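Before any comments, here is the structure.
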Amino acid sequence: MTAIAKLKKDELKLVAEEIGLAVTEGMKKSEIRRLIEESEVFTNDNGAVKDAIDQVLEEKKNQISERSCERRYRSSIRGEEKPNIRTEL
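My numbering puts the first residue of the sequence shown at 18, with every later residue one more than the last.
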């Protein structure tokens, strides 16, 4: 499954945990990927792994969207707090 190769380390860790695998703190990206690929779930139920990947990526997309909205909101608040000085010509 090529989708696994494209995932970042934190995403791989979440996928592994989602399908019930134990990931230790010091594991490298390649070790986590190998753990997933050699698991029974990956071998016997590829759909469950794909669903876990889709879920992790959707959650990450939502987090990014929320952070973007928060930044825009904070910027708008900061903009309102600044005095609005205009000089008329």
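In this text, a Cβ means the ideal position worked out from N, Cα and C, and glycines have one as well. In this text the structure is predicted, and so the values were computed from the model without any measurement.
Which same chain residues end up closer than 8 Å to residue i when comparing Cβ atoms and leaving out the 5 residues on each side of it in sequence?
i: Lys77; result: Glu28
Quick check: residue i and residue j, are their CB atoms within less than 8 Å of each other?
i: Val73; j: Glu48; result: no
i: Ala22; j: Ile70; result: no
i: Gly37; j: Val58; result: yes
Within 10 Å of its beta-carbon, does residue i have 16 or more other beta-carbons around it, so buried, or fewer, so exposed?
i: Ile81; result: exposed
i: Ile94; result: exposed
i: Ala33; result: buried
For residue i, I'd like the list of residues in its chain whose CB is within less than 6 Å of its CB, leaving aside the five on either flank, ordered along the chain.
i: Lys26; result: Lys46
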